[in-house]
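>
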Amino acid sequence: MNFTQVNKPCDAAVPRAGTCDNLTGENKLMAGHMEESSYLPRQALQTLFDTLKTQGFRTLGPVVRDGAIQYLDLTDAGQLPSGWTDEQSPGRYRLSKAESVRCFAWATGPQALKPYLFSARETLWRSERGPNGHLAFTAQTIERRPMAVVGVRACDLAALELQDRHFLDGIRDPAYAARREGLFIVALHCSHPADICFCASTGDGPRATRGFDLALSELDDGYLVETGSERGRGVARQLPLQPATPAQRQQAEREISDAAKRQSRELPSQNLREALFGRLEHPHWDKVAARCLACGNCTNVCPTCFCHAEQDVPELGGASSEHMREWDSCFSEGHSYLHGFLVRPETRHRYRQWLTHKLGSWHDQFGRSGCVGCGRCITWCPVGIDITQEATAICSDDGMPGGAA
Amino acid sequence: MNPYLPREAEIAGRTQESPNTFTLELRLTDRQPYDFEPGQFNMLYLYGSGEVPISIVAGNRDNGVLTHTIRALGHVTNGLAALKVGDRIGLRGPYGRGWPMQEALGRDVVVVTGGLGCAPSVSIIHHILTHRERYGHLSILQGVKHTDDLIWRSQYEVWAQMADVKVLLAADVAEPGWHGHVGMVTALFDRLQLEPDRSIAMICGPEMMMHAAADGLHNRGIGADSIYLSMERNMQCAVGHCGHCQVGGQFVCRDGPVFPWPQVRPLLGIRGF
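Chains as they are written, first to last, in this note's numbering: chain Z, 19 to 423; chain A, 12 to 284.
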């Protein structure tokens, strides 16, 4: 993966699979992808994991654990969630077994790649105090074993691109950079969106268009394989690939475009930056605040949220202290602490901060919205607050004195 | 280079400025050169406790001493208050975008501060007095809640005696014998002989005070683009990563702390931002 490639501004026009009703046009659009794709029979999927292992990667992939699909260490294709599917709705996530041999017939687990690159809790540096009171500071050493992740969805790739820009453009975060450097991505074009998904509306999916080394489409009997980088072609050469048939390609394309069409949720299509900052006193902020528990689940599962808090953890003997950072949330009380008072004392301030940042001021910072349409914040909200509904309610002028702001 | 790693600094001097405000003179023990612009800040680290962003009051290139004036409010600043000369702390910086000293060349400068807002702003005064011929008239307006909160009194008296410098002080609550204005610092604007077209304003203090001061100076003819504010927010990383200091799309630590007024004006004074 080279950073200059993934750091391109992400608001550039990208082909949006499934949003085009003209099939001829859509087929033309996809021709470039289809020429490159080959076919890997299902029983040969293990060769992908073997090749990644041989090339020295720590390989992560989807595994069922604790009732959820999570990216965990995985060396055997048999560990994949074969036959599992997910049902998601506001405040609800359940796995169930279906009569299917497919391993990727689900939408999203609770976490994207974020915890593997931007660690939920880690030491930044350590200080040691000598008997004379002198201090010595040592930066935390970072493990540099390259990772490969199999099964990354387009929404999560878009989020990764945003986290790359946040932690690597300008001042580079050393821990993030070290983990990111060797990352090998096997994307998966999504054919199974959940009820909470809206990546077609944000323009980030369901097709993975860039930022991957390999991309797969899952069919009943195997996988179509596309390459997206020189490293990806190197791995592909080790796989027992066969030419893909036109029928297989058409099937894969149809599944991707159907995945876009099945999505029922969407964000309002207007300029949300202007709309939200023009409605800072909209009465709906109070309505959503009355339901919001300010628990921070939404920010914890959001693949683009980057806030983190730093704190010192001294060891009991007093001779050293670890300077840690851990994920923080704009819903927490301490997030807006400023010498003895809170900038955002009430839940309405905090929800408004989250939404105006995610959908509004991200445009100032990154040239695009901070939402990639993965829908995790909807599923994992304990009271089922739905970002698409809240944004729609606030951007409507109901209840606004004098109409539009 | 790890952008989060502090350097060791020794406390070379300590002054108690008021019951809860103190000044530390710090010297980096690695003796490596350190340069900063007026208005920038450092992260000061108290061993075993944490870091706080503190503006740089002054830096002496000859002896390597960096001066920071701090109010003891939270656990880190209260801990720093208890340190003595010779104690060691961590320091990293300088961070942020400072005062527009380039834009101010050849112009009259109006410095308006409230409370401890004088600390991030005193570097403006030092810079102008060091390069006196490069700048026009200097007005220094400082407001405090209570006259007890006023630090650097003798310094204001020295500045007030200088040619082409005007010093005006205000206190909401005044002790007996107070010669300054009783009331808001913004009421002092009427006593300025402003030439708005050649003036640039630099403001630092509580947000509502900055809001009122910027409005007041703009109403007296200073262009919005010639008014600058130094903002304050929770800062933990100082490099635009941790997210706490955001005001709308601005990261105060990286894009500020000094902003042209129009850049922060839409959200200034709105509760919750």
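Cβ atoms here follow ideal geometry from the backbone N, Cα and C, with glycine treated the same way.
Give, in chain order, every unbroken run of the alpha helix (DSSP H) that is at least 4 residues long and sits entirely within the segment 166-202 of chain Z.
Within the segment 166-202 of chain Z, the complete alpha helix (DSSP H) runs of at least 4 residues are 172-186 and 192-199.
> With a threshold of 8 Å, are at least 3 pairs of Cβ atoms found where one atom belongs to the segment 87-107 of chain A and the other to the segment 188-198 of chain A?
no
> Could you give the DSSP three-state label for A49/Z: helix, strand or coil?
Here residue 49/Z refers to the residue found at position 31 when the first sequence is read from its first residue. No answer about A49/Z holds up, because its pLDDT of 39 lies below 50 and its placement is not dependable.
> Pick out whichever of L180/Z, Q61/Z and T93/Z has its Cα sitting closest to the Cα of T72/Z.
The count along the first sequence starts at 1 and reaches residue 72/Z at position 54. Among L180/Z, Q61/Z and T93/Z, the Cα nearest to that of T72/Z is on T93/Z.
> Is any beta-carbon of chain A found at less than 9 Å from that of A423/Z?
Locating residue 423/Z in the first sequence gives position 405, counting from the first residue. Annotation note: pLDDT 39 at A423/Z (below 50); position unreliable, coordinate value reported separately. Taking Cβ atoms only, chain A never reaches closer than 9 Å to A423/Z, which makes this a no.
> Throw me the rounded Cβ distance for the A409/Z and P286/Z pair, which I believe falls under 8 Å.
Translated into the one-based positions of the first sequence, residue 409/Z becomes position 391. Translated into the one-based positions of the first sequence, residue 286/Z becomes position 268. About 6 Å; that satisfies the 8 Å criterion.
> Among residues of its own chain, excluding the 5 on either side of R231/A, which ones have a beta-carbon nearer than 7 Å to its beta-carbon?
Along the second sequence, one-based indexing puts residue 231/A at 220. Cβ neighbours of R231/A beyond the five flanking positions: F200, L205 and P207.
> In the segment 347-374 of chain Z, which residues sit with their C-beta less than 9 Å from some C-beta in chain A, listed in chain order?
Taking 9 Å as the Cβ-Cβ cut-off against chain A, the residues of the segment 347-374 of chain Z that qualify are C348, G352, H353, S354, Y355, L356, H357, G358, V361, R362, P363, E364, R366, H367, R368, R370, Q371 and T374.
> Residues of chain A with CB closer than 9 Å to the CB of H207/Z, please, in chain order.
Here the question's residue 207/Z lines up with position 189 in the first sequence. In chain order: nothing, as chain A lies at least about 32 Å away.
> What does DSSP give as the partner residues of Q215/A in its beta bridges?
Numbered from 1 along the second sequence, position 204 holds the residue referred to as residue 215/A. Sequence check: residue 215/A is Cys here, not Gln. BP columns for C215/A point to T124/A and S241/A.
> Compile a chain-ordered list of the residues in the segment 229-260 of chain A whose CB is closer than 8 Å to at least one CB of chain Z.
E243, R244, N245, Q247, C248, V250, G251, H252, C253, G254, H255, Q257, G259 and G260
> So, does the segment 142-159 of chain A touch the segment 177-189 of chain A, judging by three or more C-beta pairs under 8 Å?
yes
> Is D276/Z near S209/Z, with beta carbons less than 9 Å apart?
The sequence position of residue 276/Z within the first sequence is 258, counting from 1. The sequence position of residue 209/Z within the first sequence is 191, counting from 1. With respect to the 9 Å criterion, D276/Z and S209/Z are classified as neighbours on the basis of their beta carbons.
> Could you tell me if H5/A is buried or exposed, where buried requires 16 or more neighbouring beta carbons within 10 angstroms of its beta carbon?
The structure shown does not extend to residue 5/A, since chain A is modelled only from 12 through 284, so no value can be given for it.
> Which of the three DSSP states, helix, strand or coil, is assigned to H367/Z?
Against the first sequence, residue 367/Z aligns to sequence position 349. Three-state result, H367/Z: helix.
> Of all Cβ atoms in chain Z, is any one closer than 9 Å to the Cβ of R42/A?
Counted from its first residue, the second sequence places residue 42/A at position 31. No, its Cβ sits nowhere closer than 9 Å to a Cβ of chain Z.
> Write down the C-beta distance between T245/Z and A254/Z rounded to the nearest angstrom, noting that I regard them as a contact closer than 8 Å.
Counting from one through the first sequence, the residue named residue 245/Z turns up at place 227. Counting from one through the first sequence, the residue named residue 254/Z turns up at place 236. So it is a contact: roughly 5 Å between Cβ atoms.
> Among residues of its own chain, excluding the 5 on either side of P27/Z, which ones have a beta-carbon nearer than 6 Å to its beta-carbon?
As a first step, residue 27/Z must be located in the first sequence, where it is residue number 9. Bear in mind that a pLDDT of 34 at P27/Z, under 50, signals an unreliable position, so the number given afterwards is only what the model happens to contain. Answer for P27/Z: G385, listed in chain order.
> Let's test the definition: count the other Cβ atoms within 10 Å of the Cβ of A138/Z and tell me whether it reaches 16, buried, or not, exposed.
Taking the first sequence and counting its residues from 1, one reaches residue 138/Z at position 120. It counts as exposed.
> Alpha carbon to alpha carbon, what distance is there between D182/Z and M246/A?
Looking up residue 246/A in the second sequence gives position 235. Looking up residue 182/Z in the first sequence gives position 164. Going from the Cα of M246/A to the Cα of D182/Z covers about 21 Å.
> Where V204/Z and R251/Z are concerned, what is the direct C-alpha to C-alpha distance, given to the nearest angstrom?
The residue given as residue 204/Z occupies position 186 in the first sequence. The residue given as residue 251/Z occupies position 233 in the first sequence. One C-alpha to the other measures close to 12 Å.
> I want to verify the contact list: residues of chain Z whose CB lies under 7 Å from the CB of L16/A, in sequence order.
As a working note, residue 16/A is residue 5 in the second sequence. Result: W143, F155 and A157.
> Of the choices R145/A, S29/A, E186/A and V269/A, whose alpha-carbon is the least far from that of Y239/A?
Taking the first residue of the second sequence as position 1, residue 239/A is located at position 228. Y239/A has its Cα closest to that of V269/A, out of R145/A, S29/A, E186/A and V269/A.
> Just to confirm my understanding: we take W345/Z, look at its own chain, exclude 5 residues before and 5 after, and list those with CB closer than 6 Å. What are they?
Stepping through the first sequence from its first residue, residue 345/Z is reached at position 327. Excluding sequence neighbours, W345/Z sits near A138 and H326.
> Would the beta-carbon of G24/A fall within 9 Å of that of L35/A?
As a first step, residue 24/A is located in the second sequence; it is residue number 13 there, counting from the start. As a first step, residue 35/A is located in the second sequence; it is residue number 24 there, counting from the start. Yes, the pair counts as a contact, with Cβ atoms nearer than the cut-off.
> Are Y369/Z and C310/Z closer than 9 Å when you measure CB to CB?
Within the first sequence, residue 369/Z is the residue found at index 351, counting from 1. Within the first sequence, residue 310/Z is the residue found at index 292, counting from 1. For Y369/Z and C310/Z, yes; Cβs fall inside 9 Å.
> In this structure, how does DSSP classify Q407/Z when only helix, strand and coil are distinguished?
Against the first sequence, residue 407/Z aligns to sequence position 389. Reduced to three states, the DSSP call for Q407/Z is helix.
> Rounded to the nearest angstrom, what separates S107/Z and Q256/Z at their Cα positions?
Counted from its first residue, the first sequence places residue 107/Z at position 89. Counted from its first residue, the first sequence places residue 256/Z at position 238. The alpha-carbon atoms of S107/Z and Q256/Z are separated by roughly 40 Å.
> Can you give me the Cβ contacts of V87/A inside the same chain, cut-off strictly under 6 Å, excluding the 5 residues immediately before and after it?
Reading the second sequence from its first residue, position 76 is the one you call residue 87/A. If we look at V87/A and ignore the five residues flanking it on each side, its Cβ neighbours are L57, S60, G61 and V63.
> Please list the partners that E19/A has in chain Z, where partner means a Cβ-to-Cβ separation under 8 Å.
Sequence index remark: in the second sequence, residue 19/A carries index 8 (1-based). Simply H152, L153, A154 and F155.
> Would you mind working out which of G128/A, L127/A, L37/A and D41/A sits nearest L91/A, comparing C-alpha positions?
For this step, residue 91/A is matched to residue 80 along the second sequence. Nearest of G128/A, L127/A, L37/A and D41/A to L91/A, Cα basis: L37/A.
> Is it buried or exposed for P277/A, if we count other Cβ within 10 angstroms and need 16 for buried?
Here residue 277/A refers to the residue found at position 266 when the second sequence is read from its first residue. Burial state of P277/A is exposed, judged by a 10 Å Cβ sphere holding fewer than 16 other Cβ atoms.
> Could you please give the first and the last residue of the uninterrupted alpha helix (DSSP H) stretch that includes I233/A?
By 1-based counting over the second sequence, the position of residue 233/A is 222. Element bounds for I233/A: n/a, residue is neither H nor E.
> Where does K115/Z land, buried or exposed, given buried means 16+ other C-beta within 10 angstroms?
Within the first sequence, residue 115/Z is the residue found at index 97, counting from 1. With fewer than 16 other Cβ atoms within 10 Å, it is exposed.
> Using a 10 Å radius around the Cβ and a threshold of 16 neighbouring Cβ atoms, would you call D73/A buried or exposed?
Looking up residue 73/A in the second sequence gives position 62. So D73/A counts as exposed.
> Report the residues of the segment 84-99 of chain A with a CB closer than 7 Å to any CB of chain Z, ordered along the chain.
L84, G85, D98 and R99
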